Every structure is written in structure tokens, then in C-alpha cells.
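Presented below is the structure to which this report refers.
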Amino acid sequence: MNRYETIVSLGDNFMKLMGKSLIPVHILDWKVYYEAYLKEMEYQKKHFKKPRKTHAAGCVAEQYKITERTMFNIIAFMEGS
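Just so you know, UniProt numbering puts 62 at position 62 of the sequence shown, and the rest follows in order with no gaps.
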């Protein structure tokens, strides 16, 4: 189970933990960015022969006005265990 799956499995408890300052608020932003990345990867899988992680991360970074490096750090964090 990676970090993203753990966060999703917390459900409403995730917000309670953020409210108690046990989970930093920026993790919620990262969750939103990562979900947008997953949606972009799904789009690429449907419409292109080979989905490109770099292009998907770049699209999301541009959409949310963050750097590509930050997006790759978020992906690495969420996919880590």
C-alpha cells in the first residue's frame, strides 16, 4: 500500500488529522495534484499508444502553476511506501 492509498483509506479521518495538525495541510494540496496526474495518465492511456509520465506531470504542473520538479517530488512521495 503506497502513501496515496493510505491517505484515501483514511477517508474523513484524514481531515480530522489535518485539523489536529498531525498531517500537514500541504499534503491535501499534493493529493489534489496527484489525483490530477492520475487522471491525465488515464487520458493518455486511452488516447496514445504509450502514456508518457513526463508529459502528464508537465500538464498538471502547468495547470496548477507549480514546477515540474515539484510535481515529480509529489509523484515520488505518493507512490512511496
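C-beta: ideal position from N, C-alpha, C; glycine also.
These numbers come from a predicted model, not from an experiment.
heavy atom of the ligand NAD below 6 Å from residue i C-beta
i: Ala36; result: This structure does not include the ligand NAD; it has no bound ligands of any sort.
Rounded C-alpha distance that separates residue i from residue j
i: Lys46; j: Ala36; result: 16 Å
i: Ala57; j: Val8; result: 21 Å
i: residue 83; j: Val60; result: Since the first residue of the chain shown is 1 and the last is 81, residue 83 is not available in this structure.
i: Trp81; j: Glu42; result: The residue asked about is misnamed: residue 81 is Ser in this sequence, not Trp. Ser81 and Glu42: Cα-Cα distance of roughly 22 Å.
i: Gln44; j: Leu28; result: 25 Å
i: Tyr4; j: Phe48; result: 25 Å
i: Ile23; j: Asn73; result: 18 Å
i: Gly11; j: Arg52; result: 30 Å
i: Leu38; j: Lys65; result: 17 Å
i: Ile75; j: Val25; result: 17 Å
Residue of the options minimising C-alpha distance to residue i
i: Gln63; options: Tyr34, Glu79 and Met78; result: Tyr34
i: Thr54; options: Met71, Phe48 and Ser21; result: Met71
8 Å contact criterion, which residue i and residue j should meet: CB distance rounded
i: Asn2; j: Glu68; result: Not a contact, Cβ separation roughly 21 Å.
C-beta neighbour in chain B for residue i, strict 7 Å
i: Ala57; result: The structure shown has no chain B; it contains just one protein chain.
Segments assigned alpha helix (DSSP H), at least 4 residues, entirely inside the region 6 to 58: 12 to 19 and 26 to 47
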